[in-house]
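Chains as they are written, first to last, in the numbering used here: chain A, 4 to 356; chain B, 235 to 695.
Read the structure below first, then the notes.
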């Protein structure tokens, strides 16, 4: 092993917090610098990405790590969104507390949905969560006095400190919270809970023989995942300024699932790619179809078509999503001193140990 | 391999991925262009005014409503062909929000923050526009002539928002007073969409119709509207309602009338103008009847259900081919929006778009050469009442009233009246059955309007 190859390796502490926090800090500083340079509209979009990433991280944990599927995460986002909007309308507490409450209420909803979900698997679980996504908007329509009916509830953006613009401040909040959530979830996945999630995913019988309470573990995963989705929904509402059932249609739940798969199911960093796709793909596809003069009919379905096409291509070329593909590329990168062949990772690791 | 090494390997991948991710994001965003620096008035140069809108071009709300923005664009093209307004050409960017407020929120920010529009003009929908009302007002971007009759557009809290079409409560009050005067002693039933639209209409109806004569109130949910409203119509029949008021969108009008006909229930229908445009509702009746398994003769007879329907109108019907506004709107569409005209001709929606766009052009003219956002709002408040429109009543704009038309006439759809002819067929016409009334959406009285209507400018069309 030559010196260059050795120097290229980074040894991180094994204590989870010490491993994840510095990385998050570096990412945070980079993003802070980037956000300050952006135009107002791009700041808004980066903030939206942050909100979606939080929701996607929850979905990735549920599906990738715990092996449960949900077609209802758009509805959990709506739960968080309405919670934060109601709190903003009726109280004047700190918005961080309101966001935490939104995550808490959505997590409670996750427990309610998660308990029957422990008895269901695969398409049956998908069907049940789908039902939740379909039924939830009716609740908001049923009590217009509380939930604002069609118009929904308007929210106020937290006042920006100093010379920051509203969009810039919002983007920093959303991206910052996304990083915090990623660190917390990363730590969780390194703990005994994370191991229990994976054990249950891989083999429920083996997990229960090992002393893991399978049902409790599944409900816990559902609750954490729903809490993340609720927080994501609450963050999204800070952007749009209104909580409204129309913002969280069934298609959103399906798009979340597709974005998670594209990003890399079970990864956390992959969810950043998922978030970028959710925000930018519709815009790119519209400009592409405008460029080729496809007309408004094609315009509208272009995003869905491209999303589907990208999903198929990704599943063929990189079955583990974008993040999985990047990892593969990294593992197979040309290596100086080894004739350009990818270094066999296990050797390198044991050499470094 | 030990767990330890696998962990370390995983950890390093983590770091690299985060770094790569942030660098990638950084590159992606830095490559995007910075927004142009705001000049004195955003969206206005010596030669161009950029305005925008979000409208449903796809999705369930699109049929019919997707004609409005292209029709508006035809008027702007006509203005541009005649030298623009004070030498400035109008550039109209309309984006598809598919009637989803989340899309509206994002696209409106794209229009304001990236495309630097001067004003948001002719955006459609109550939930969609409510979602961006506070954003547009914070940014001091005029939110003009919102295509919805919600009472919420005239609110001192939102000085930059203005409605245009009659508020739904005005529809309700005028229909209610007609019912009280003409169907006294009859049993009355309601079927309304259970949201702001339906509730605002009912609010107006209840101001006029004595509660004792309302025997049944039925509702439906727009989000779950998928099949015939059979239960509701059966309940109205069972309650003995002789007059049925529908505050329904076009599809729901058809889905109410068809199952009623199946159970031989033919009450006197009174339909809010939202759900009564014959060129829109006629084809829906036929297609739903066909899907429901009706015979060919029943399908062709289904349009007859619209005969004798009472509704309201605030500008001349497209079938009134002698009206100069109708003639000019047709000319403008033929010349500047030939694709739209070939597809749907001049119907209620395209006529609406032409009139709304021309209202905006006059506001620009009155705002003067030194165009500012505040100046535009002030000009509408000051001169809006004298703008030329096809409306039966003048616009109501003032510094405190941000509703447009607050008056209309009651009309009856009749097979004997001249039909509306569109490329999709020829549809039942209408005859006025009342004078033109004006009223506010509040508790104010309903008055007869006796003033003149305006005529289009000489060079229009």
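Even for Gly, the Cβ is constructed at its ideal location relative to N, Cα and C.
Predicted model only: the values in this text are computed from it and were never measured.
Check                                                                                                                       : Outcome
Alpha carbon of residue 3(A) to alpha carbon of residue 224(A), nearest angstrom                                            : Since the displayed chain A opens at 4 and closes at 356, residue 3(A) lies outside it and no answer follows.
Members of the stretch 368 to 384 of chain B that neighbour chain A once the beta carbon cut-off is set at 9 Å              : 368, 369, 372 and 384
Entirely enclosed beta strand (DSSP E) segments - the stretch 362 to 437 of chain B, minimum 3 residues                     : 377 to 380, 395 to 397 and 422 to 427
Cβ-Cβ distance between residue 324(A) and residue 273(A) below 9 Å                                                          : yes
Through-space distance from residue 171(A) to residue 39(A), alpha-carbon basis                                             : 7 Å
Whole-angstrom distance between residue 112(A) and residue 464(B), CA atom to CA atom                                       : 35 Å
Chain B contact for residue 155(A) (CB, 9 Å cutoff)                                                                         : yes
Under 9 Å (Cβ pairs) to chain B, residues found in the stretch 186 to 214 of chain A                                        : 189 and 193
Per-residue burial, residue 119(A) [other beta carbons within 10 Å of its own, 16 or more giving buried]                    : exposed
Within 9 Å, strictly: CB atoms of residue 340(B) and residue 51(A)                                                          : yes
Nonlocal neighbours in the same chain, by C-beta distance under 8 Å from residue 438(B), ignoring five residues either side : 402, 403, 404, 405, 406, 407, 408, 409, 410 and 675
Within 7 Å of chain B by C-beta, residues of the stretch 251 to 272 of chain A in sequence order                            : 252 and 272
Minimum Cβ-Cβ distance from residue 607(B) to chain A less than 9 Å                                                         : no
Exposure of residue 295(A), with buried meaning 16 or more beta-carbon neighbours within 10 Å                               : exposed
C-beta contact flag for residue 399(B) and residue 639(B) at 9 Å                                                            : yes
is_contact[residue 42(A), chain B] using C-beta, thresh 9 Å                                                                 : yes
Simplified DSSP assignment, three categories, for residue 476(B)                                                            : coil
Within chain A, partners of residue 511(B) - CB distance below 9 Å                                                          : Correct list: empty, because the minimum Cβ distance to chain A is about 21 Å.
Which listed residue (367(B), 468(B) and 476(B)) has its alpha carbon closest to that of residue 489(B)                     : 468(B)
Top-ranked residue by Cα proximity to residue 327(B), from 522(B), 310(B) and 650(B)                                        : 310(B)
The stretch 548 to 566 of chain B contacting the stretch 528 to 537 of chain B, beta-carbon criterion three pairs below 8 Å : no
Residue 93(A) (DSSP reduced to helix, strand or coil)                                                                       : helix
Members of the stretch 110 to 143 of chain A near chain B, C-beta cut-off 8 Å                                               : 140 and 141
Proximity below 9 Å, CB of residue 544(B) to CB of residue 515(B)                                                           : no
Pair within 9 Å by beta-carbon distance, residue 26(A) and residue 368(B)                                                   : no
Candidates 133(A), 289(A) and 178(A), of which the one nearest residue 254(A) by Cα                                         : 133(A)
Where the alpha helix (DSSP H) through residue 114(A) begins and ends                                                       : 98 to 120
Within chain A, the residues that residue 365(B) reaches when beta carbons sit closer than 9 Å                              : 154, 155, 157, 243, 244, 245, 247, 249 and 250
Exposure label - residue 672(B); buried when at least 16 CB within 10 Å                                                     : buried
Residue 146(A) - DSSP class collapsed to helix/strand/coil                                                                  : coil
Length-filtered (3 minimum) beta strand (DSSP E) runs lying within the stretch 299 to 364 of chain B                        : 323 to 330 and 353 to 355
Neighbour flag for residue 169(A) against chain B, beta carbons, 9 Å                                                        : yes
Among 241(A), 208(A), 82(A) and 28(A), the one whose alpha carbon lies nearest that of residue 142(A)                       : 82(A)
Chain A contact for residue 623(B) (CB, 9 Å cutoff)                                                                         : no
Cβ-Cβ separation, residue 239(A) to residue 3(A) (assumed contact under 8 Å), whole Å                                       : For residue 3(A) there is no data in the structure shown, the boundaries of chain A being 4 and 356.
C-beta atoms of residue 334(B) and residue 362(B) nearer than 9 Å                                                           : yes
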